[in-house]
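For reference, the structure discussed in these notes is given below.
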């Protein structure tokens, strides 16, 4: 016999202990199926309760029954949005690192801060008016305008005119850029926990973008190309796309009706990985080096075992690998060792023929340490292969974080001299 209960908002902590909450069976199953939590299981000791434990995703979701689950990050919200802003737009953040380029206002919760940031970005983008552009339109008309679509004319209206099948370029506000901004504003208006003042401003932005057609949920986002004409839109577009890609995961289990969970979630594992690789790529440019993100390789000669390091440092021409880096959103263990990570780094270095590999962690007791690998022949400088572990403190100021990346980049660049 199923138990039906109502529940108030639930607040969890990122990677915190499981919390027993009264939850409707359908809502509990929806959370479990959506995979937005580390675990969601019935509480064996309390009828009508579920044990909920958050993992790496932070933000808020609303279940089909209306219950709202908020997941608080370990990292301060302003710092979290610095990581996000830097990953989306490193050129601007690298020049001005005071708090990145994302204005979160005075909000200390993920969703209100996100809604505020998106609305401010959209407002800045539209300050000089709504961007218009040419878009190809195909339609049936009473008069010929543009070019005649001969194939469609014959197929649909053979021997009869009008109407005529035409295609022409229309100068309109219904562009990919405006569609994305409108969709992001509408999505945020549907999410739980957006403050009333921010909600009113988002509704105003939606009205300004009314000439752009709404996006159909579930379809791919329309493509846009950065250009001089849409430069003022680009910060808003990058953040809007992050909103649209982080909302409304849908799942359809076999033999069941669709389960939908509305919300916005940032995966801290992915965010940390993006931040580390983008920050190192930017810092390495100062040394004339290139970096390939998610560089594909194979462990075996047959090419059956794939491997994809987060970042491979190469010479300026991109030909010769110099170092390999993998980012790990983990806290250092008591003994400082993550054996599986070290084995992975060893495999990367072996395949790429490198004398060292680097692991970058989100926290640790020491900024840097290394392990020399037993059984590896001494290189030209008389030492065995080394596996380095670097630790970042994400609570540090942005400038301190970027300085740490410059130091790591300097270490990676030094490998060029040893490889020479």
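Residue numbers (my numbering): 39 to 458. Note that the Cβ used here is the ideal one computed from N, Cα and C, for glycine as well.
Helix, strand or coil: which one does DSSP assign to residue i?
i, result
"residue 306", "helix"
"residue 49", "strand"
"residue 230", "coil"
"residue 166", "coil"
"residue 433", "coil"
"residue 422", "coil"
"residue 438", "helix"
"residue 315", "helix"
"residue 450", "helix"
"residue 263", "coil"
"residue 257", "coil"
"residue 210", "strand"
"residue 357", "coil"
"residue 344", "strand"
"residue 90", "strand"
"residue 321", "helix"
"residue 365", "strand"
Which same chain residues end up closer than 8 Å to residue i when comparing Cβ atoms and leaving out the 5 residues on each side of it in sequence?
i, result
"residue 481", "Since the displayed the chain opens at 39 and closes at 458, residue 481 lies outside it and no answer follows."
"residue 55", "91"
"residue 81", "58, 87, 88, 89"
"residue 411", "384, 422, 423, 424, 425"
If you draw a straight line from the alpha carbon of residue i to that of residue j, how long is it in whole angstroms?
i, j, result
"residue 217", "residue 279", "11 Å"
"residue 145", "residue 336", "45 Å"
"residue 405", "residue 359", "25 Å"
"residue 221", "residue 229", "13 Å"
"residue 367", "residue 431", "11 Å"
"residue 41", "residue 86", "Unreliable positioning characterises residue 41 in this predicted model, as indicated by a pLDDT of 41, which lies under 50. A coordinate reading is not provided."
"residue 293", "residue 96", "Its pLDDT being 41, under 50, residue 293 is placed unreliably in this model, and the value from its coordinates should be taken loosely. Distance between the alpha carbons of residue 293 and residue 96 is about 30 Å."
"residue 70", "residue 47", "17 Å"
"residue 135", "residue 247", "In this prediction, residue 135 has a pLDDT of 44, which is less than 50 and means its spatial position is unreliable; what the coordinates show is noted afterwards. Spanning the two alpha carbons is a distance of roughly 31 Å."
"residue 141", "residue 284", "19 Å"
"residue 423", "residue 379", "16 Å"
"residue 174", "residue 189", "17 Å"
"residue 171", "residue 213", "7 Å"
"residue 450", "residue 414", "20 Å"
"residue 150", "residue 231", "6 Å"
"residue 465", "residue 167", "The chain is shown from 39 up to 458; residue 465 falls before or after that span and cannot be answered."
"residue 377", "residue 409", "11 Å"
"residue 103", "residue 124", "36 Å"
"residue 49", "residue 303", "14 Å"
"residue 305", "residue 116", "16 Å"
"residue 400", "residue 356", "28 Å"
"residue 207", "residue 263", "18 Å"
"residue 276", "residue 126", "6 Å"
"residue 219", "residue 153", "12 Å"
"residue 241", "residue 329", "42 Å"
"residue 143", "residue 157", "11 Å"
"residue 351", "residue 84", "53 Å"
"residue 225", "residue 244", "11 Å"
Apart from the five residues on each side of it in sequence, which residues of its chain come closer than 7 Å, Cβ to Cβ, to residue i?
i, result
"residue 343", "336, 337"
"residue 365", "310, 311, 314, 315, 348, 398"
"residue 443", "317, 318, 321"
"residue 76", "91, 92, 93"
"residue 78", "66, 69, 70, 88, 90"
"residue 211", "168, 170, 249, 250"
Please work out which residues of its chain come closer than 6 Å, Cβ to Cβ, to residue i, disregarding the five sequence neighbours upstream and downstream, and give them in chain order.
i, result
"residue 452", "none"
"residue 99", "74, 107, 299, 301"
"residue 446", "428"
"residue 307", "94, 367"
"residue 396", "363, 426"
"residue 121", "309, 313"
"residue 407", "427"
"residue 227", "240"
"residue 110", "51"
Along the chain, where does the alpha helix (DSSP H) containing residue i start, and where does it finish?
i, result
"residue 279", "272-283"
"residue 72", "63-72"
"residue 468", "With the chain represented from 39 up to 458, any question about residue 468 goes unanswered, as that position is not in the structure."
"residue 115", "115-126"
Would you mind reading off the limits of the beta strand (DSSP E) that contains residue i?
i, result
"residue 95", "95-100"
"residue 155", "That residue, residue 155, is in no beta strand (DSSP E); its alpha helix (DSSP H) goes 148-163."
"residue 109", "106-110"
"residue 406", "406-410"
"residue 378", "Element bounds for residue 378: not the beta strand (DSSP E) but the alpha helix (DSSP H), 377-390."
"residue 328", "328-331"
"residue 396", "394-401"
"residue 79", "77-80"
"residue 59", "57-60"
"residue 84", "Note, residue 84: premise wrong, no beta strand (DSSP E); not H, not E."
"residue 351", "349-352"
On the three-pair Cβ rule with 8 Å, is the segment 252-271 touching the segment 228-239?
-> Not touching, per the Cβ criterion.
Give a yes or no on contact between the segment 329-349 and the segment 380-390, applying the rule of three or more CB pairs nearer than 8 Å.
-> A contact between stretches requires three or more CB pairs, one per stretch, nearer than 8 Å, and the segment 329-349 meets this requirement with the segment 380-390.
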